[in-house]
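*Asks:* Under the working numbering, the first residue of the sequence shown is numbered 19, with each subsequent residue one higher.
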Amino acid sequence: MEYSVCRMKGPVDFSCGLDNGCWAELPALVIGSVRSESTPHRPWTVAKLGYDDCCLYLCYEVDDRYVRSMETQYNTNVCVDSCVEFFVQPRGKEYLNFETNCSGAILTYFISDWQRDPVTGAIAGYQALSEQDFKQIAIYHSLSGQIEGIADPVKWRLGLRIPLALLRKFFPGLELKAGETWRANFYKCGGMKGYEHWITWSPVGGKLNFHQPEFFDTLKFV
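(1) I'd like the span of the beta strand (DSSP E) that includes residue 46, first residue to last.
(2) Cβ of residue 83 within 8 Å of Cβ of residue 171?
(3) Determine which residues share a DSSP beta bridge with residue 208 and list them.
(4) If you reduce the DSSP assignment to three classes, tell me which class residue 181 lands in.
(5) Do the stretch 62 to 77 and the stretch 127 to 138 touch if we need at least three Cβ pairs shorter than 8 Å?
(6) Could you round the C-beta distance between residue 115 and residue 129 to whole angstroms and report it? I think they count as a contact, below 8 Å.
(7) Since residue 131 is in the alpha helix (DSSP H), which residue starts that stretch and which ends it?
(8) Among the residues of its own chain, which have a CB less than 6 Å from the CB of residue 207, if the five just before and after it don't count?
(9) With DSSP run on the structure shown, which of helix, strand or coil describes residue 151?
(10) Which of helix, strand or coil does DSSP assign to residue 96?
(11) Determine, using beta-carbon pairs with one atom in the stretch 209 to 227 and one in the stretch 176 to 188, whether at least three such pairs fall under 8 Å.
(12) Can you give me the Cβ contacts of residue 175 inside the same chain, cut-off strictly under 6 Å, excluding the 5 residues immediately before and after it?
(13) When the Cα atoms are used, what is the spatial distance from residue 81 to residue 48?
(14) Does the Cβ-Cβ distance between residue 23 and residue 237 come in under 8 Å?
(15) Going straight from the alpha carbon of residue 61 to that of residue 122, what length do you get?
(16) Please state the DSSP three-state secondary structure of residue 86.
(17) Which same chain residues end up closer than 8 Å to residue 46 when comparing Cβ atoms and leaving out the 5 residues on each side of it in sequence?
Next comes the structure, spelled out in structure tokens:
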């Protein structure tokens, strides 16, 4: 499985939708591999990823229902909310995870050792991003505030602008240019109790654990 990351043309507007503006010509990426542990609720989730000389741009669109969003702070447990996630490994064994709920609360770690403690389940090696780091990331979210539950169908959008300067803090000398090949995975998870789901772009085998970089797949910059 491979996704072509295209150079963005023109101003980047997350509010216009994936079929319009600078997003229209980018290929779509469907997050559609459903883990067996999921409930029958399986929201349709599409993403597009692009770049320019200074930033990486990611936008998700989710046709959802049973939406929950209670976390509001940095590096809190957003994965139990209605959440989208991007795990990216530009090179080597380390990677960054960007987990964001539908209201724009985000968790991001630099993962140096993804193995988990067999007793506590904690990740062996990670560094949490600082508030200063987070302030460099622009987050667009079409839903806002705490949401205890939206049972009716709703479409929501989430966009991230991730600056190259932030990526270079963890991967010195990194470039955004045609010919680069990275590895990554994309996820949709969370939701109201009784409607939980775990859906991936590249299928994840074994235990229910998104922190398994052997299941990441290819991003090719064009």
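We treat Cβ as the ideally placed atom computed from N, Cα and C, and that holds for glycine.
*Replies:* Reading off the structure:
(1) Residue 46 -> no beta strand (DSSP E), and no H or E assigned at all.
(2) yes
(3) 215
(4) strand
(5) no
(6) 6 Å
(7) Unbroken run through residue 131 is the beta strand (DSSP E), 124 to 134; no alpha helix (DSSP H).
(8) 97, 101 and 216
(9) helix
(10) helix
(11) no
(12) 79 and 160
(13) 12 Å
(14) yes
(15) 18 Å
(16) strand
(17) 36, 64, 65 and 66
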